[in-house]
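*Asks:* Reminder that position 100 of the sequence shown reads as 101 in our numbering, one-by-one numbering, no gaps. Cβ atoms here follow ideal geometry from the backbone N, Cα and C, with glycine treated the same way.
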Amino acid sequence: MDRRSFLKSTAVLAAGTAFTDAALAQEGAAPQEKAEPRMPAKLITSAPMLQNYAETSMGVAFTVSALASGYVIYGRQSDLSDGVKVKCGGYRVTDLNSDVMLIRLTGLEPATKYYYRIGADCINYVHGHRMMILGTEEDPRIYSFTTAGKDAKAHFCVINDTHKSDPVFDRLTEKIAAIAPSCVVWNGDTMSHAEDIETLKETLFYPEIKIRDYASETPYLLSCGNHDVRGLAARHYERAWMFRQPEERSSRDWDLGRCFAVRMGDVAMIGLDTGEDKVDTNPIFCNLFNSEPYREAQAKWLEDALRRPEIASAPYIVAFCHIPLHDADPAANPGDIHPADKDPRYRLDYAEWQRYCYQLWGPLLENAGCQLLVCGHTHTYRRDDPCEAHSWTMLVGGGPSLDSETDFATVIEGKVEGGRLDVTVHNAATGKVVDSVSIAPRKKRSVPKIRR
Ligand SMILES: [Fe+2]
Ligand SMILES: [Fe+2]
């Protein structure tokens, strides 16, 4: 900037300051506070996490140490010479907070590789007329991701019930890195409860694990578990793990920001949220949960999602939800025992499976020809083969343990190869394969007729 331009800019700034000071004085506003704001030594405090893998959009999230407004520069060129900057937040104003920056990239091409870099402006905010950028920090590393879509590689991993156990998560992420899937489904109970956002940040952005950038190039999808809504911060988990973009669902499904129906190669991936494992009337939760209408709303969403051409035409339909949708054991609590989940017929006073979800969603998944359902919640790996109650194979992932013979942590890997969906269940503690299933493609691939 030459001297003349500098003086002009300074004059404009000074005039603006005088205007705002005068206006505020007239309004009786408090005088400007004396403070010496400083840019922190490290503003960006985590590697980026890719959230909500999809065909034409991708979420990028990272943490900051001070009030900031984050952004992503992304493009098709590996040096970002074609880079486009996308700010956090929505239209009109950006987001501004000191915890998690959430940036959603939209309008992307399916099955396409993109490169990106993260950055943030550190903001000193005094009031609505006075704020300044203290400094800008950009992560020097250029990362990459590939979007979902019909031409994407059909290869996924599923983890569940990590319950904020860093040793378990360390082992799981190492296994996932070795497998190198197209995406990972985190199938609920990421932690046990979160009363503050710091707990969510520790869970997602800086767990004590070796691979700190575990989700910077491998996108994640989330199917919430019952524990993921427990705690004051968990009730607004979307502050750390963003909802899908509003334009990615209909206005009727406005609040279903977590459900997903994504085509990845030959696989259609369907994500549902089974909600709490206690009934809404259970007095221990003081009427603070509303799972039943949530499950009903998801049935409407699911019916439409299964009719979408890219889903209905997929050779494989795989659904993910945290609480199992069936249990042949008559002593297993079905999660619909009002008013307080207690009944002498059942060994536990909370849901081991979700009968209401099974009644709502089961016929839709059956009619659509869903071949595989992956769940968690019980902390013990099991496989339920197709039976009279369901024609899908149901896999229930293991628990947050590395030394148990029954509750061992699992990575469930699905990969389409040679005209089959091959599913392999890895024990994350021992590295051994504990089970495998090979699934044939669906014969009928048309828009399903819905029977209620
Ligand atoms: Fe759990
Ligand atoms: Fe659970």
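Smallest Cα separation from PRO205: which of ILE338, ASN53, LYS165 and GLU218?
*Replies:* Here residue 205 corresponds to residue number 204 of the sequence shown, with the count starting at 1. Here the sequence assigns Leu to residue 205, which means Pro is not the residue at that position. Among ILE338, ASN53, LYS165 and GLU218, the Cα nearest to that of LEU205 is on LYS165.
*Asks:* If you measure from each CB to the nearest heavy atom of ligand 2 and keep those under 5 Å, what residues do you get, in chain order?
*Replies:* ASP190, GLY226, ASN227 and HIS378
*Asks:* Can we count HIS194 as close to ligand 1, meaning its CB is less than 7 Å from some heavy atom?
*Replies:* Taking the first residue of the sequence shown as 1, we reach residue 194 at position 193. Not so, every heavy atom of ligand 1 lies at least 7 Å from the Cβ.
*Asks:* Going by DSSP, name the residue or residues bridged to ASP122.
*Replies:* In the sequence shown, the residue the question calls residue 122 occupies position 121. Note: ASP122 sits in a beta bridge opposite SER70 and THR137.
*Asks:* Name the two residues that bound the continuous beta strand (DSSP E) containing LYS88.
*Replies:* For the purposes of this step, residue 88 is taken as residue 87 along the sequence shown, with counting starting at 1. Taken as a continuous stretch (DSSP letters only), the beta strand (DSSP E) holding LYS88 covers 85 to 88.
*Asks:* Whose CA, out of MET50, PRO49, GLU56 and SER47, lies closest to the CA of GLY266?
*Replies:* Counting from 1 along the sequence shown, the entry for residue 266 is found at position 265. Minimum Cα distance to GLY266 is reached at GLU56.
*Asks:* For TRP242, is the classification buried or exposed, using 16 other Cβ atoms within 10 angstroms of its Cβ as the cut-off for buried?
*Replies:* Within the sequence shown, numbered from 1, the residue matching residue 242 stands at position 241. With 16 or more Cβ atoms within 10 Å of its Cβ, TRP242 is classed as buried.
*Asks:* If you follow the alpha helix (DSSP H) that TRP362 is part of, which residue opens it and which one closes it?
*Replies:* Position 361 of the sequence shown holds residue 362. Run containing TRP362: 356 to 369, per the alpha helix (DSSP H) assignment.
*Asks:* Relative to the C-alpha of TYR126, which candidate in SER437, PRO38 and GLU110 has its C-alpha closest?
*Replies:* In the sequence shown, counting from the first residue as 1, residue 126 sits at position 125. Checking every option, the nearest Cα to that of TYR126 belongs to PRO38.
*Asks:* Here's the rule I'm using: 16 or more other beta-carbon atoms within 10 Å means buried, otherwise exposed. How should TYR92 be labelled?
*Replies:* For the purposes of this step, residue 92 is taken as the residue at position 91 of the sequence shown. Per the 10 Å Cβ criterion, exposed.
*Asks:* Within 10 angstroms of its Cβ, does ILE312 collect 16 or more other Cβ (buried), or is it exposed?
*Replies:* The residue labelled residue 312 in the question sits at position 311 within the sequence shown. Per the 10 Å Cβ criterion, buried.
*Asks:* Does the separation of the CB atoms of ALA155 and VAL434 fall below 8 Å?
*Replies:* Position 154 of the sequence shown, counted from the start, is the residue given in the question as residue 155. Position 433 of the sequence shown, counted from the start, is the residue given in the question as residue 434. No, the pair does not count as a contact, with Cβ atoms beyond the cut-off.
*Asks:* State whether the region 111 to 125 contacts the region 68 to 77, with contact taken as three or more CB pairs (one from each stretch) at a distance under 8 Å.
*Replies:* yes
*Asks:* Measure the C-alpha to C-alpha separation of PHE409 and THR425 and round it to an integer number of angstroms.
*Replies:* Numbered from 1 along the sequence shown, position 408 holds the residue referred to as residue 409. Numbered from 1 along the sequence shown, position 424 holds the residue referred to as residue 425. Looking at the two C-alpha atoms, the distance is approximately 15 Å.
*Asks:* With a threshold of 8 Å, are at least 3 pairs of Cβ atoms found where one atom belongs to the region 241 to 255 and the other to the region 319 to 326?
*Replies:* They do not touch, by the three-pair rule.
*Asks:* Would the beta-carbon of ASP274 be found less than 7 Å away from any heavy atom of ligand 3?
*Replies:* Looking for ligand 3 in the displayed structure turns up nothing; the ligands present are ligand 1 and ligand 2.
*Asks:* For VAL94, does the count of other Cβ atoms within 10 angstroms reach 16, so buried, or fall short, so exposed?
*Replies:* Here the question's residue 94 lines up with position 93 in the sequence shown. Looking at its Cβ environment, which holds fewer than 16 other Cβ atoms inside 10 Å, VAL94 is exposed.
*Asks:* Count the other C-beta atoms from every protein chain shown that fall within 10 angstroms of the C-beta of ILE413, then say buried if there are 16 or more, exposed otherwise.
*Replies:* Sequence index remark: in the sequence shown, residue 413 carries index 412 (1-based). ILE413 is buried by the Cβ-count criterion.
*Asks:* For PHE286, collect the residues of the same chain with a Cβ closer than 8 Å to its Cβ; drop the 5 residues on either side in sequence, then sort them by chain order.
*Replies:* As a first step, residue 286 is located in the sequence shown; it is residue number 285 there, counting from the start. Same-chain partners within the cutoff: GLU277 and LYS279.
*Asks:* Where does ASN227 sit, in a helix, a strand or coil, going by DSSP?
*Replies:* Here residue 227 refers to the residue found at position 226 when the sequence shown is read from its first residue. ASN227 falls in the helix class under three-state DSSP.
*Asks:* Please confirm whether any heavy atom of ligand 1 lies closer than 7 Å to the CB of ASP162.
*Replies:* Start at 1 with the first residue of the sequence shown, and residue 162 comes out as number 161. Indeed, a heavy atom of ligand 1 lies less than 7 Å from the Cβ.
*Asks:* Jot down the residue ranges of each uninterrupted beta strand (DSSP E) in the region 196 to 257, minimum 3 residues, whole runs only, in chain order.
*Replies:* List check, beta strand (DSSP E) in window: 221 to 223.
*Asks:* How about TYR221 and TYR54: do their beta carbons lie closer than 8 Å?
*Replies:* As a first step, residue 221 is located in the sequence shown; it is residue number 220 there, counting from the start. As a first step, residue 54 is located in the sequence shown; it is residue number 53 there, counting from the start. Contact: yes.
*Asks:* Helix, strand or coil: which one does DSSP assign to SER10?
*Replies:* Taking the sequence shown and counting its residues from 1, the one referred to as residue 10 is at position 9. Caution applies to SER10, whose pLDDT of 37 falls short of 50 and renders its modelled position unreliable; the value that the coordinates give is listed next. The answer is helix: DSSP assigns SER10 an H, G or I state.
*Asks:* Can you find at least 3 beta carbon pairs, one from the region 341 to 358 and one from the region 128 to 143, that sit closer than 8 Å?
*Replies:* no
*Asks:* Would you mind working out which of ALA262, ILE212, LEU106 and HIS380 sits nearest TYR75, comparing C-alpha positions?
*Replies:* Mapped onto the sequence shown, residue 75 falls at position 74. Comparing Cα-Cα distances from TYR75 to each of ALA262, ILE212, LEU106 and HIS380, the minimum goes to LEU106.
*Asks:* Sort out for me which residues DSSP pairs ILE338 with in a bridge.
*Replies:* Here residue 338 refers to the residue found at position 337 of the sequence shown. Per DSSP, none; premise fails for ILE338.
*Asks:* Measuring straight from C-alpha to C-alpha, what distance separates ALA181 and GLY419?
*Replies:* In the sequence shown, counting from the first residue as 1, residue 181 sits at position 180. In the sequence shown, counting from the first residue as 1, residue 419 sits at position 418. Taking the straight line from one Cα to the other gives about 19 Å.
*Asks:* According to DSSP, simplified to helix, strand and coil, what is LEU97?
*Replies:* Within the sequence shown, numbered from 1, the residue matching residue 97 stands at position 96. Reduced to three states, the DSSP call for LEU97 is coil.
*Asks:* Please confirm whether any heavy atom of ligand 1 lies closer than 7 Å to the CB of HIS237.
*Replies:* As a first step, residue 237 is located in the sequence shown; it is residue number 236 there, counting from the start. Answer for HIS237: no, Cβ out of range of ligand 1.
*Asks:* Tell me which same chain residues have a C-beta within less than 7 Å of the C-beta of TYR359, skipping the five on either side of it?
*Replies:* Translated into the one-based positions of the sequence shown, residue 359 becomes position 358. Residues LEU326 and HIS327 of the same chain have their beta carbon placed closer than 7 Å to that of TYR359, with the five preceding and five following residues left out of the count.
*Asks:* At a cut-off of 7 Å, would you count HIS156 as near ligand 1, judging by its Cβ distance to the nearest heavy atom?
*Replies:* For the purposes of this step, residue 156 is taken as residue 155 along the sequence shown, with counting starting at 1. No - ligand 1 has no heavy atom lying nearer than 7 Å to the Cβ of HIS156.
*Asks:* Are TYR295 and SER217 touching if we call contact CB-CB under 8 Å?
*Replies:* Translated into the one-based positions of the sequence shown, residue 295 becomes position 294. Translated into the one-based positions of the sequence shown, residue 217 becomes position 216. No, the pair does not count as a contact, with Cβ atoms beyond the cut-off.
*Asks:* Kindly indicate which residue of ARG172, ILE160 and PRO168 has the alpha-carbon position closest to the one of CYS184.
*Replies:* Mapped onto the sequence shown, residue 184 falls at position 183. Taking only the C-alpha atoms, the option nearest CYS184 is ILE160.
*Asks:* Consult DSSP for TRP1 and reduce its assignment to one of helix, strand or coil.
*Replies:* In the structure displayed, the chain extends from 2 to 453; residue 1 sits before or after that span and is not available.
*Asks:* Within 10 Å of its beta-carbon, does ILE284 have 16 or more other beta-carbons around it, so buried, or fewer, so exposed?
*Replies:* Stepping through the sequence shown from its first residue, residue 284 is reached at position 283. Reading off the sequence shown, one finds Pro at residue 284, where the question assumed Ile. So PRO284 ends up on the exposed side.
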